[in-house]
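>
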Amino acid sequence: MSESSVTKPAPVRRKLSAGPLSTGDKLFFGTASIAANFAFVLVATILIFLLIQALPALSSQGLPFIFGTEWNNAKDPIVMQIGPMIWGSLLIGALGVVFATPLAVSLAYLIVFMLPDRSSKAAASLVDLLAALPSVILGLWGLLVFTPVAAQWSSILNSNLGWIPLFQVSTVDNGFLGSPFIAGWIVAIMIVPIITSITREVFSQLDRDLINGALALGGSRLSTFRRVIFPTSSGAVVGGVLLGLGRALGETVAIFYVLQLSFDFNWGQILEPKGGAVASMILSKFGEASQAEVSGLIAAGLVLFILTLCINFVASVIVNRAQPWRKD
Amino acid sequence: MSFAPRPSVQPWARVNKSRRYQIFLASVLPLTVTALIMVFSGLDQNLALVGVFLPLQLVAASLVGHLAFGRRGVGDSLLIVLVVFLSTFVLVLLVSVLVSLASQGAKAFSWTFLSQNNIYVSNTTSLDYGGVGHAMIGTLMIVGLTTVVTVPLGLAMAVYLTQSTSRTKGLVRTLTQAISGLPSVVAGLFIMSLALTLGWERSGLLGSMALLPLMLPTVARVAEEALRLVPVDLRYAALALGAPNYRAFFQVVLPAAKSGLVTAILLGVARIIGETAPLLLTVPINNGTSLNIFSGNMMTLPAYIYGYLASVFETSQNRAWGGALVLMILVGLLFGATRLLSRPKSLKSKPIKQKASK
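Chain order of the listed sequences is A and B. Residue numbers are given in this note's numbering: position 107 of the first sequence equals residue 107, and the series is strictly consecutive. Residue numbers are given in this note's numbering: position 327 of the second sequence equals residue 655, and the series is strictly consecutive.
1) Distance, Cα to Cα, M329/B vs M656/B?
2) What do you get for G218/A, buried or exposed, if any count of 16 or more other CB atoms within 10 angstroms of its CB means buried?
3) For the segment 352-381 of chain B, list every residue whose C-beta sits within 7 Å of some C-beta in chain A, in sequence order.
4) Work out the CA separation of T171/A and E603/B for me, nearest whole Å.
5) Counting along the chain, where does the alpha helix (DSSP H) carrying E642/B start and finish?
6) At what residue ranges does the segment 163-243 of chain A contain a whole run of the alpha helix (DSSP H), taking only runs of 4 or more?
7) Note down the Cα distance separating L21/A from T502/B, rounded to an integer number of angstroms.
8) Taking the C-alpha atoms as reference points, what is the distance between N160/A and S154/A?
9) Note down, in chain order, all residues in the segment 644-658 of chain B with a beta-carbon under 8 Å from any beta-carbon belonging to chain A.
10) Alpha carbon to alpha carbon, how far is L63/A from L582/B?
11) State yes or no: is the beta carbon of Q53/A nearer than 9 Å to at least one beta carbon in chain C?
12) V41/A to G532/B, Cα distance in whole Å?
13) Take the Cβ of W87/A as the centre, count every other Cβ of all protein chains shown within 10 Å, and call the residue buried at 16 or more, exposed below.
14) So the candidates are Q350/B, N620/B, Q432/B, L382/B; which of them puts its Cα closest to the Cα of H394/B?
15) Which word fits Y448/B, buried or exposed, when buried means at least 16 other C-beta atoms lie within 10 angstroms of its C-beta?
16) Would you identify the three-state DSSP class for A35/A, choosing helix, strand or coil?
17) Residues of the segment 534-555 of chain B in Cβ contact with chain A at a cutoff of 7 Å, in chain order, please.
18) Name the DSSP bridge partner or partners of W439/B?
19) Tell me whether L534/B sits in a helix, a strand or coil according to DSSP, three-state version.
20) Hey, how far is the Cα of S674/B from the Cα of N73/A?
21) For chain A, is any of its Cβ atoms less than 9 Å away from the one on E529/B?
22) Between the Cα of A555/B and those of A506/B, V547/B, A486/B, spot the shortest distance and give me the residue it belongs to.
23) Kindly indicate which three-state DSSP category Q338/B falls into: helix, strand or coil?
24) Cα separation between T196/A and L375/B?
25) Report yes or no: is there a C-beta of chain A within less than 9 Å of the C-beta of S618/B?
26) With H, G and I counted as helix, E and B as strand and the rest as coil, what does DSSP make of L63/A?
27) Using a Cβ-Cβ cut-off of 9 Å, state whether P231/A counts as contacting chain B.
28) For the candidate residues S424/B, K435/B, V412/B, L662/B, whose alpha-carbon lies nearest to that of L382/B?
29) Using C-beta distances below 6 Å, list every residue in its chain close to T467/B, excluding the 5 sequence neighbours before and after it, in chain order.
30) Give the DSSP-derived three-state secondary structure of L557/B in the structure shown.
31) How do the segment 283-301 of chain A and the segment 41-59 of chain A stand: do at least 3 beta-carbon pairs fall below 8 Å, yes or no?
32) Grouping DSSP H, G and I as helix and E and B as strand, with all else coil, what is L455/B?
33) Under 8 Å by Cβ, that's how I've got T475/B and I621/B pegged, so tell me the actual separation to the nearest angstrom.
34) Would you check if the distance between the CB atom of V253/A and the CB atom of V97/A is smaller than 9 Å?
35) Which residues in chain B sit within 8 Å of Q152/A, going by Cβ to Cβ distance?
36) Exposed or buried, G175/A, counting other C-beta atoms within 10 Å across all chains shown (16 or more means buried)?
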């Protein structure tokens, strides 16, 4: 019996294909894939045109463009170096993330695990509303309402914890205005909704039995959070934090008026009115820029673009991996 | 949604009278003590909130927790107090933004402010003259043009991501997410270098183009979510009845996902309506009204706010606040519309609920 089945020739493998057959379908999927490929075209076009215009500046300045600390359009070969701006962007982004992460995680916890259904939806709407605030409005509020309050916080930090290098200032005369600390807070307000929405989604997809099991074993909310909820969702939180960092690096108008730009490295005295941000620098110099300077500003934009693209790419990969239910 | 104690029974039913007093005391005492200390020692309110109130509240809550549930109650209370404290902080920030917008913006807000433009207005001109009419027209035209171009593109991308069986879907999705993090100033610089390379004049059209890469990812992603919520069986049923893919999409999937797709459009518009940096780089500002998007100067609401923002004159600051209020009302209208749309069928919240009850 088994002999006969062996001697039978194996059936020819059928070719299964499910491609579009009719003209209408070909048109339908063709349009869709052209649109999808527009994403590649867009990124490529952005890179190409930024490169074309940035090339004169990049070739004349060389590597010091990224590390140097001087921007002087009065010198004859014009000097354009944005080292402190890049570092300042990273510093403000880091501060924003440090301020925003605890707020966002606790908001997500409140929405998913603590509030009853209806008020949890309302809270989620409020967070979305925060995300919808235009950055120029936050800038206005930041300059006229928030800055005095944040300066007050700065002075408290400085007078009580001034022995930590982080909170030292050279002089208190300038009233703690224009510091990376304040800009960090503004940026934090912008990225709280980003981190919250991703954390919230992961929290709501956690296995309830696991959490209830931990509670049944005598765990408190705190220990359940530390031992069960956080380890299983930390990956997505990291992804959300990176997405927020990408947003923070690109923030322009909101911190333009609250930050004192300086082409001098500020390595970590966050209360000093001496900061940098690539995007704000571009905006501040754009008005009266000469042709050579415009090229330098576009080069700065190119650096910013590559930086945020890398961060966002890593963040998307992490978030996608941490949300397997989104795969199809 | 909470998991302990079960909310299905009356939450207060198992709490006896003395515990109710304890909870009441634990919620009132720290605040009172802090207020008293502040009044009598003149302590700074920020410092008092973090240095006195928070520790007191933590201790009080842990004590009550300990009395009620022993050691595990302490952990419960600590987490609850921290979470509520931090979340309230965010709420206070949001409310502060909205309240200052409403109170400061109301000073400038009037029919004149909405309808007039900015010609013959100086820094000290009284608020009875001049307004944001020209800026509103400019914003609506520029954003409208972007929307007309972006929406079909974004929807087609969403179709590609949900309906096709192509292999590059994951890559396209990741790339779209990466574009969504494109700094707005870079979008402006991109169009500016495009214009410099090709020798175009700066105009409202360039502003529209600069907003496209910012709106596209939002529309594509939200539309994808909306299409994904349509049960795939519906589409399979249509296909099994002999419908070609495009008819299955237009006659079955599209109507089912309609409100979600409109939400995608509205969220996309809300995303770009307040964008400032790209418009500052690409659209030359204008004090008068311009209806020509293809050439010449044009004013937009964000540029208007930006222009008056840092002024030291009070009327100018009032104009900035007034412009911000108008912009926020527009954003609020869009936002409210998305909430209304997602309510009746509650498409958005369905999958989460299904998984949660599993």
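Backbone N, C-alpha and C define an ideal beta-carbon position, used for all residues, glycine too. Note that the coordinates shown come from a computational prediction; the quantities given were computed from them, not determined experimentally.
Taking the geometry as given:
1) In this prediction, M329/B scores a pLDDT of 44, lower than 50, which makes its location untrustworthy; no coordinate-derived value is stated.
2) exposed
3) D372, N374, L375
4) 36 Å
5) 642-670
6) 180-205, 208-216, 221-224
7) 29 Å
8) 10 Å
9) Q645, A648, W649, A652, L655, M656
10) 52 Å
11) As a matter of chain content, chain C is missing from the structure shown, whose protein chains are A and B.
12) 23 Å
13) buried
14) Q350/B
15) exposed
16) helix
17) P541
18) The partner list for W439/B (beta bridge, DSSP) is empty, contrary to what the question assumes.
19) helix
20) Residue placement at S674/B is flagged as unreliable, the pLDDT there being 46, under the threshold of 50; a coordinate-derived value is accordingly withheld.
21) no
22) Before going further, note that residue 555/B is Leu rather than Ala in the sequence given. The shortest C-alpha separation from L555/B is found at A486/B.
23) At Q338/B the pLDDT is 49, less than 50, meaning the model places this residue with poor confidence and gives no usable figure here.
24) 27 Å
25) no
26) coil
27) no
28) V412/B
29) T628, L629
30) coil
31) yes
32) coil
33) Actually they do not touch by this definition, with Cβ atoms about 13 Å apart.
34) no
35) D372, N374
36) exposed
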